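In the numbering used here, the protein residues as written are 1138 to 1367. Each residue gets a CB set at the ideal place from its N, CA and C atoms; glycine is no exception. Predicted, not measured: the structure shown is a model, and the values here were computed from it.
The structure is reproduced here in structure tokens:
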């Protein structure tokens, strides 16, 4: 497991919690708009942070922080993740897991083992355009669809989220996503931001007006859907 970042406090990433965020390197997707490309395609060993360093930080912050966000990259491909999560839970923290949903078996296992308290799953695009959106043509969505279905069964608090990029998302996509996620507990349309660390530079966000229109479409199916990052 390669830890390549530690954000020491966040009030936004874990709903209702004061948390920190641990960034794990490595991902099985190649989304052109990924804002953490350095964790996907340009992994630098000099940025490694030891597991012991993170756990020591968490011990010192006990009583100040109450949650840990584990993100990436894609955390569920990291060897040693389960043991790391067990150590975090032993310190009394709740865990939020960010995932692309591509490893449904591991998602279910960690959830049912009581190691995850909240899941944020990325919905990259409509099923028809999933492959091109994640940089993997002809991608088989079976695991992604199974992960979404598992979460929608109410096994754990969760949210779905889509980063909206002008070059990849059109009106028909929001309609298709809405039908797919109909009845979801929480769904967010996130405004794309160029972090300067993209896999494919030059991508663009939509205006607030277009984002509002996309939200109106999605809300026909997911009434609680909201915009984020605008």
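Where the alpha helix (DSSP H) containing residue i begins and where it ends
{"i": "residue 1314", "result": "1308 to 1317"}
{"i": "residue 1160", "result": "Note, residue 1160: premise wrong, no alpha helix (DSSP H); beta strand (DSSP E) at 1156 to 1161."}
{"i": "residue 1287", "result": "1279 to 1289"}
{"i": "residue 1242", "result": "1241 to 1249"}
{"i": "residue 1221", "result": "1218 to 1227"}
Residue range of the beta strand (DSSP E) that includes residue i
{"i": "residue 1298", "result": "1295 to 1301"}
{"i": "residue 1236", "result": "1231 to 1236"}
{"i": "residue 1272", "result": "Neither: residue 1272 is in no beta strand (DSSP E) and is coded neither H nor E."}
{"i": "residue 1258", "result": "1255 to 1259"}
{"i": "residue 1147", "result": "1140 to 1147"}
{"i": "residue 1365", "result": "1363 to 1365"}
{"i": "residue 1207", "result": "1204 to 1208"}
Exposed unless 16 or more other CB atoms sit within 10 angstroms - verdict on residue i
{"i": "residue 1233", "result": "buried"}
{"i": "residue 1162", "result": "buried"}
{"i": "residue 1154", "result": "buried"}
{"i": "residue 1196", "result": "exposed"}
{"i": "residue 1240", "result": "buried"}
Rounded C-alpha distance that separates residue i from residue j
{"i": "residue 1310", "j": "residue 1363", "result": "17 angstroms"}
{"i": "residue 1220", "j": "residue 1264", "result": "33 angstroms"}
{"i": "residue 1367", "j": "residue 1349", "result": "10 angstroms"}
{"i": "residue 1193", "j": "residue 1215", "result": "21 angstroms"}
Sheet register partners of residue i (DSSP bridge)
{"i": "residue 1358", "result": "Answer by DSSP bridge pairing: none, since residue 1358 is not bridged."}
{"i": "residue 1186", "result": "1140"}
{"i": "residue 1326", "result": "1299 and 1364"}
{"i": "residue 1199", "result": "1202"}
Minimum Cβ-Cβ distance from residue i to chain B less than 9 angstroms
{"i": "residue 1335", "result": "Checking the listed chains, one finds no chain B in this structure; it contains a single protein chain."}
Determine, using beta-carbon pairs with one atom in the region 1174 to 1183 and one in the region 1340 to 1350, whether at least three such pairs fall under 8 angstroms.
no
Tell me, please, whether the region 1219 to 1237 touches the region 1256 to 1267 by the rule of three or more beta-carbon pairs shorter than 8 angstroms.
yes
May I ask you to verify whether the region 1313 to 1333 touches the region 1140 to 1148, counting CB pairs closer than 8 angstroms and requiring at least 3?
no
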